[in-house]
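Below is one structure, written out as structure tokens, with a few remarks after it.
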Amino acid sequence: MKIYTKTGDKGTTMLFGGGRVSKAHIRIHAYGTVDELNSYIGLIKDQAIKGIHKERLREIQLRLFTLGAILAANPEKKNVQAPDLLTSDVVFLEEAIDEMNESLPPLRHFILPGGHTTVSYCHLARCVCRRAERQVVWLDEQEPVAEIVVQYLNRLSDYLFVLARMLAADLEVEEVKWESR
């Protein structure tokens with residue numbers, strides 16, 4: 006399999022199931038941002054963190070590939086069978102959030118990104134996740150996108166925020182509190 010095909014040299018790309026769109030199409034922005042998010046998740050996973058976090062992040066990476074395939078599928082091709090994102094995938098994130106929250110002090114202030122490189126990576130991933138979510142919502146305003154895609158990204162950004170807090174606790178670094186003037 007060749008890595009380069011030259012078929013995108015004029016600024017278009019092929020969708021899963023056929024059909025070409027501009028590389029500037031919101032669909033391409035959406036799944037490209039999901040790919041960027043997956044890279045940040047890999048970066049977090051490669052840090053010196055507990056095994057349970059690595060396992061969850063691996064599962065999230067697999068689901069993000071699924072989500073990317075859903076977004077890359079041509080909505081006009083009804084015979085295309087993209088992999089499924091399931092309600093249980095959203096529940097997986099919710100249960101992980103709840104479990105981590107049980108051992109964290111209540112949130113009584115806004116938190117600034119920082120305090121430790123690993124924590125900052127989580128905040129970067131959270132921001133990229135929010136951007137992906139916005140792009141998917143924008144895409145959905147033009148072409149229908151399965152509701153679970155937005156739900157998953159919304160919950161994932163929550164998970165990444167709580168993971169940042171959990172890693173700060175695990176690493177014994179103080180959360181950086183926002184204080185107004």
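With positions in the sequence shown counted from 1, the corresponding number in the working numbering is that position plus 5.
By construction, the Cβ of each residue, glycine as well, lies at the ideal position given by its N, Cα and C atoms.
Please read all numbers here as calculations on a predicted model, not as lab measurements.
| Query | Result |
| --- | --- |
| Option nearest M171 by Cα separation, candidates L158, T123, A151 | T123 |
| Same chain, Cβ closer than 7 Å to P118, neighbours up to 5 away in sequence not counted | S125, H128 |
| Residue(s) in a DSSP beta bridge with M6 | The partner list for M6 (beta bridge, DSSP) is empty, contrary to what the question assumes. |
| Cα-Cα separation between I102 and V96, rounded to whole angstroms | 10 Å |
| Within 8 Å, strictly: CB atoms of L165 and A78 | no |
| Burial state of Y9, where buried means 16 or more other Cβ atoms lie within 10 Å | exposed |
| As assigned by DSSP and simplified to three states, the class of A78 | strand |
| C-beta atoms of D51 and G73 nearer than 8 Å | no |
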